[in-house]
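A.B. asks: Chain order of the listed sequences is L and X.
Going by the working numbering, 464 is the number at position 464 of the first sequence; the sequence numbering is gapless.
Going by the working numbering, 567 is the number at position 39 of the second sequence; the sequence numbering is gapless.
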Amino acid sequence: MHESLPILSALIFFPLGAAFLLMFMRGGDWTYRSFTLIVGIIECLIALPLIFGFQLDNPPPYQFVERMAWIPQWGLEYHLAVDGMSLLMIILSVALLPLCVLCSWTYIGKRVKEFHVNLLIMTAACVGIFAAMDFILFYIFWEAMLIPMYLLIAVWGGPERRYASIKFFLYTLAGSVLLLVAIIAFNYVGSTFQIPELTAMAGEGKFSESFQLWTFLAMSLAFAIKVPMFPFHTWLPAAHVQAPSAGSVLLASVLLKMGAYGFLRFSLPLCPQGSIEMAPIMIAISIASIIYGGFVALGQNDVKKLIAYSSVAHMGFVTLGIFMFHQQGGEGAIMVMLNHGIVTGALFMMVGAIYERSHSREIFDNMGLGKYLPAFMGFFGIFALSSFGFPGMNSFVGEALVLIGAFDSNLWWGFLCIPGAMLAAAYMLRLGLKMAWGEPPSPAGKNWADLNVREWVYLTPLAFLVFYIGLAPGLTMRVVTPSIEKVLEGFPDSGTMDGRTIVNLQEEHRQGLGEAMAEDGLTLSSAE
Amino acid sequence: MIMQSSIFPLLAILAPLAGIPGMMSSKNANVREAWTFASAFATFALALVLLPGVLDGTEYTLTIAPVIPAVPLALKVDSLGMLFAMVSTPLWIVTSLYSIGYMRGLHEPNQTRYFCCFALAISATVGVAFSANLFTMYLFYEMLSFATYPLVTHHQDPEARVSGRKYLLYIVGGSIGLALPAMIIVFSMAGTLDFLPQGVLVGTNIGAGLMAVLVVMFIFGFAKAGVMPFHSWLPAAMVAPTPVSALLHAVAVVKVGVFSVVRVLTGILGVDLLAHFHLSTLISGIAAVTILTASLIALSQKELKRRLAFSTIGQLSYIILGVGLLTPKGITGGMVHIAMHAFGKITLFFCAGAIFVGAGKKYIPDMVGIGRRMPVTMTAFFIGSLSVIGIPLTGGFFSKWYMLQGALDSGQWIFMVVLLVSSLLNAAYFLPIVYKAFFCTDEESLFEPVVKEAPIHCLVPLCITAIVSVVLFFFPDVFRTLAELAVEG
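(1) Could you list which residues in chain L have their beta carbon closer than 7 Å to that of A593/X, in chain order?
(2) Just to check my reading of the structure: Q194/L and M133/L have Cβ atoms closer than 8 Å, yes? What is that Cβ distance to the nearest angstrom?
(3) Any idea if V730/X is buried or exposed, counting beta-carbon neighbours within 10 angstroms, 16 or more meaning buried?
(4) Around the Cβ of Q532/X, are there at least 16 other Cβ atoms within 10 angstroms (buried) or fewer (exposed)?
(5) Using a Cβ cut-off of 7 Å, which residues of the stretch 960-992 of chain X contact any Cβ in chain L, in chain order?
(6) Would you call the stretch 207-222 of chain L in contact with the stretch 113-124 of chain L, where contact means no fewer than 3 C-beta pairs closer than 8 Å?
(7) Are any of the Cβ atoms in chain L nearer than 9 Å to that of E687/X?
(8) Using a cut-off of 9 Å between C-beta atoms, extract the partners of L373/L located in chain X.
(9) Fully enclosed by the stretch 337-378 of chain L, which beta strand (DSSP E) runs are 3 residues long or longer?
(10) Taking contact to mean 3 or more Cβ pairs, one atom from each stretch, closer than 8 Å, check whether the stretch 972-986 of chain X and the stretch 854-867 of chain X are in contact.
(11) Roughly how many angstroms separate the alpha carbons of F838/X and F746/X, rounded to a whole number?
(12) Which residues, in chain order, does the stretch 400-425 of chain L contribute to contact with chain X at a C-beta distance below 7 Å?
(13) Along chain L, which residues have their Cβ under 9 Å away from the Cβ of T676/X?
(14) Answer yes or no: does any C-beta atom of chain X fall closer than 9 Å to that of W456/L?
(15) Please check if any C-beta of chain L sits within less than 9 Å of the C-beta of F787/X.
(16) Would you mind sorting G547/X into buried or exposed? The rule is 16 or more other CB atoms within 10 Å of its CB.
(17) For Y163/L, which beta-bridge partners are listed by DSSP?
(18) Just to make sure I have the definition right: I need the residues of chain L whose C-beta is within less than 8 Å of the C-beta of T681/X. Which are they?
(19) Hey, F663/X and V595/X: beta-carbon distance below 9 Å or not?
(20) If we cut at 9 Å on Cβ distances, does Y489/X have a partner in chain L?
(21) Measuring straight from C-alpha to C-alpha, what distance separates G918/X and F926/X?
(22) Any C-beta of chain L within less than 7 Å: which residues of the stretch 748-770 of chain X qualify?
(23) Here's the rule: buried if 16 or more other CB atoms are within 10 angstroms of the residue's CB, otherwise exposed. What is E77/L?
(24) Whole angstroms are fine: how far does the CA of F787/X sit from the CA of L579/X?
(25) Give the interface partners of V397/L over in chain X, defined as CB-CB distance under 9 Å, in chain order.
(26) Rounding to the nearest angstrom, what Cα-Cα distance links H359/L and D408/L in this structure?
(27) Does P391/L get closer than 9 Å to chain X when you measure Cβ to Cβ?
(28) What residues of chain L sit near P709/X, judged by a beta carbon separation below 8 Å?
(29) Got a sec: is the Cβ-Cβ distance from V792/X to anything in chain L below 9 Å?
(30) Can you find the residues in the same chain that come closer than 8 Å, C-beta to C-beta, to A816/X, ignoring five residues on each side of it along the sequence?
(31) At which residue ranges does the stretch 674-705 of chain X contain complete beta strand (DSSP E) runs of 3 or more residues, listed in the order of the chain?
(32) Skipping 5 residues on each side, what residues in its chain have a beta carbon closer than 7 Å to that of I541/X?
(33) Going by beta carbon distance, what residues of the same chain come within less than 7 Å of Y355/L, once the five residues before and after it are set aside?
(34) Do V885/X and L990/X count as a contact pair if the criterion is CB distance below 9 Å?
(35) Mind checking if F317/L is an interface residue toward chain X, Cβ cutoff 9 Å exclusive?
(36) How should H806/X be labelled, buried or exposed, when 16 other C-beta atoms within 10 angstroms of its C-beta is the threshold for buried?
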């Protein structure tokens, strides 16, 4: 079925076409908004076959493949496909489009048409990044995404939007240049731009060790800036604080994931030797990000800055999970990516909602709201609890898996992460409790209206996902597991689990226990 | 052992929550309290339905949702869980009655929030009791932490705020900082977190050192158990209204802490494996230090609720000490003490609250002669103290008797000495209060004849729990059988 229908192309070109139409549209702001909303909903409907057609059992390495010649003399092809991890990211990007339109409905007052054009182009570029299987095509989308994001911050941002947008642009561009160098280097050695072919070559050991090391460094700088990993994170708080809600949501939920996706799609499979060599440094930086992000978040009084630094810490968990080369750790990394996208996106939407009421993002201007805005605080409480990994909610699944991987690979990595988990609880509780019950309550608070229908509409699905993934992550995990297995092929397993899945381990354990009990007493295999 | 799938454990957890929409929407306070009672009785009834089966050795199980592979959200009603449910669910009914008298007597604000959070806390407590694996227990444990925060900070003044922050710091800090990593280490070694009679670590290559580290991480990580030095949230949390202190800080919250420790020692780490590594002295030693220190601090407290708080800290460690002896008698004693101490200590807290409502007194030196004005309250207080001290004709004697035997069986006479010395200390900090309340001349008495007993809503619950404390001496069989079943596995 899915060979015949170019769903991925549709997901990219439908919003692009809609953006083009919107540009020449005449009408009021309301027309632009509802047009984009309808486009967003249709975009989600287009993505449905992607979800239901995705083959879960014995999945081929790449699904929904679309491949045709593009510029044959340079070996460029129009080549799109997805696997488990890119599927989740595409769904996330697409689903956020209508939610972003809804959360900006009253927030954006000027240049409404242009704002929505930007949103649509962003979505197209994001889908393109996660679906591209040609290295140059990937690079084009990667750079294309920069411009609408730059405009979102620079035109609709806060008072210091110039500084923030230029900083965002320069940081990302600096990384991208090196990425381009690496892409050309791969073409020079492997004489193809196709990612599946390059991955296969890397698996056969076609790339020399020093080549792998240098390309790893070149690519990883681009990805590390995007994630962002400490110490390349300074663009993020500036961009988050100045960006409008929808910009922050896209930034946190999708853009940061591109860096982590880059590691999983390119750094690890194309430079396995380089990755192994650099892993200790990457792990050290990840742990530093977790702890540094947590500490700085604890000291913030600007809600958006606090959430921005919490993103640095959460993304630290992602990169830690990736560079442990551990099955559970890798699965955890993707789960954290997805869950962080949902929860942080929701938190930024809520900050936008409260900003519309109080015209301030300071915690101290938004205190003691539990009494006046119970529904708002209820949602905020759900997302705040989930953000620091409350069990039974979505973030816990990812963080627990990364921690399992960490403790299994090296006890010390695990123990070093624990302060990060505690800090997460500390800063989110500080924020949530101050906003709910803080003294003195904001004097204007009693005049603010609680959530309206529009806000209920965009928060409810996200809250549903928090609990759905938290309580039944099984389906999502089935999508994730094969793609991590593929990425980690050929990597030495660092853990004692030796690549066995937990279910196998449990069965072995049960058998062992039965034998031990059958021997009528305790048998400790190697304790003595 | 018969395993049977049953929806009742889930219903028992949901029953307290079912009343919350009713409570929030009621315009009339009486209607709201009717919802509380309806859900309290429903919860107790749902637990009670399962009791005969559990006494016959049946385990009721229910898997709600698979979360992480091999770690489902699952419930199990076994004898240990049932023992805890039999303590916490009936006491919720009594406490609800008491809360009405207390909260209305003092015209407390935000009563709806209070009753809703109370219901949420009980739901979490039943959840902890009926968890089938460590992950599920951890979930409900954390849920309880957050459900009780609004109760601790109920008065919303700076003192309550500071205490609330301390409460969360210790409880959430402990669970995330120590219990969570310990849980993950266990999981990555064993591949399961189910509570099994042998523990889950049998057959893994765990060594004595790591085992000891895990023991310490779990005992301190479940900071609700109040083991020193992670205890100071408990006296601080006494700023809460007294019914909260009574149910949550004598029964639900603190007992969830020790229950979790007991569960982990018996169901995860495994009694045999702990004995194999000679960790009894470590566990009981940690508990013994807490028992003696807490009892000594209690002696010097002037505020009645703070004295009770430190007494609680000591008594909680009795339970850990009993289980830590790793002998059948000791473990039975420790488990039964969960119940015996609950009924005795809740009586004492009820009395402290009744004195505050009736006479407005919080400090012990101000209570000279109060027994003549509030004879019922102080008689109940006397019975409650006897039970906590462990004197015959009260239930507390029963559990201490078992623990002393356990200490003898294990050959660790030092813990016998600890138990006896601390009993003396218990007597030393409780009995003078009772003595001065009744035996004083008219000149010494600090109370005018106008001072009367607290309202009947307060009085009835404390009489009930005092009577139960005595009844448990003669009929301890339910709790003893449950504990023995749990020990036999």
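Beta carbons: idealized from backbone N, C-alpha and C, even for Gly.
C.D. replies: Judging by the given coordinates:
(1) Along the second sequence, one-based indexing puts residue 593/X at 65. Here the neighbours are L471 and A472.
(2) Locating residue 194/L in the first sequence gives position 194, counting from the first residue. Locating residue 133/L in the first sequence gives position 133, counting from the first residue. Contact flag correct, Cβ pair sits at about 7 Å.
(3) Working through the second sequence from its first residue, we reach residue 730/X at position 202. That one is buried.
(4) Here residue 532/X refers to the residue found at position 4 of the second sequence. Q532/X is exposed by the Cβ-count criterion.
(5) none
(6) no
(7) Walking along the second sequence from the start, residue 687/X turns up at place 159. Output row for E687/X: interface = no.
(8) By one-based count along the first sequence, residue 373/L stands at place 373. The premise fails here: L373/L is roughly 15 Å from chain X at the closest Cβ pair, so nothing lies under 9 Å.
(9) none
(10) No, they do not touch.
(11) Residue 838/X sits at position 310 when you count from the first residue of the second sequence. Residue 746/X sits at position 218 when you count from the first residue of the second sequence. Their backbone Cα atoms lie some 21 Å apart in a straight line.
(12) A400, L401, L403, I404, F407, D408, G414, F415, I418, A421, M422 and A425
(13) For this step, residue 676/X is matched to residue 148 along the second sequence. Result: empty, since nearest Cβ-Cβ is about 14 Å, beyond 9 Å.
(14) As a first step, residue 456/L must be located in the first sequence, where it is residue number 456. Taking Cβ atoms only, chain X never reaches closer than 9 Å to W456/L, which makes this a no.
(15) Sequence index remark: in the second sequence, residue 787/X carries index 259 (1-based). F787/X does not count as touching chain L.
(16) One-based indexing of the second sequence puts residue 547/X at position 19. It is buried - the Cβ of G547/X has at least 16 other Cβ atoms within 10 Å.
(17) In the first sequence, counting from the first residue as 1, residue 163/L sits at position 163. According to DSSP, which records beta bridges pairwise, Y163/L is partnered with nothing at all.
(18) In the second sequence, residue 681/X corresponds to position 153, counting from 1. W437, listed in chain order.
(19) Counted from its first residue, the second sequence places residue 663/X at position 135. Counted from its first residue, the second sequence places residue 595/X at position 67. Contact: yes.
(20) This structure leaves residue 489/X out entirely; chain X is present only between 529 and 1017.
(21) Stepping through the second sequence from its first residue, residue 918/X is reached at position 390. Stepping through the second sequence from its first residue, residue 926/X is reached at position 398. Taking the straight line joining both Cα atoms gives about 7 Å.
(22) none
(23) Taking the first residue of the first sequence as position 1, residue 77/L is located at position 77. Answer is buried; the Cβ neighbour count reaches 16.
(24) As a working note, residue 579/X is residue 51 in the second sequence. As a working note, residue 787/X is residue 259 in the second sequence. Roughly 19 Å between the two C-alpha positions.
(25) Your numbering for residue 397/L matches position 397 in the first sequence. Under the 9 Å cutoff, chain X gives V595 and I596.
(26) Within the first sequence, numbered from 1, the residue matching residue 359/L stands at position 359. Within the first sequence, numbered from 1, the residue matching residue 408/L stands at position 408. Cα-Cα distance, rounded: 47 Å.
(27) For the purposes of this step, residue 391/L is taken as residue 391 along the first sequence, with counting starting at 1. By this cut-off, P391/L is an interface position.
(28) Locating residue 709/X in the second sequence gives position 181, where the first residue counts as 1. Chain L residues near P709/X: L403, F407, G414, F415 and I418.
(29) Position 264 of the second sequence, counted from the first residue, corresponds to residue 792/X. Chain L contact via Cβ: absent.
(30) As a first step, residue 816/X is located in the second sequence; it is residue number 288 there, counting from the start. Closer than 8 Å at Cβ, skipping near neighbours: S845, L849, I942, F943 and V946.
(31) none
(32) Along the second sequence, one-based indexing puts residue 541/X at 13. Excluding positions up to five away in sequence, the list reads S651, V654, G655 and F658.
(33) Stepping through the first sequence from its first residue, residue 355/L is reached at position 355. R361, listed in sequence order.
(34) By 1-based counting over the second sequence, the position of residue 990/X is 462. By 1-based counting over the second sequence, the position of residue 885/X is 357. Taking 9 Å as the Cβ cut-off, L990/X and V885/X do not qualify as a contacting pair.
(35) Counted from its first residue, the first sequence places residue 317/L at position 317. It does not; no Cβ of chain X falls within 9 Å.
(36) Translated into positions along the second sequence, residue 806/X becomes position 278. Classification of H806/X: exposed, given that the 10 Å Cβ count is below 16.
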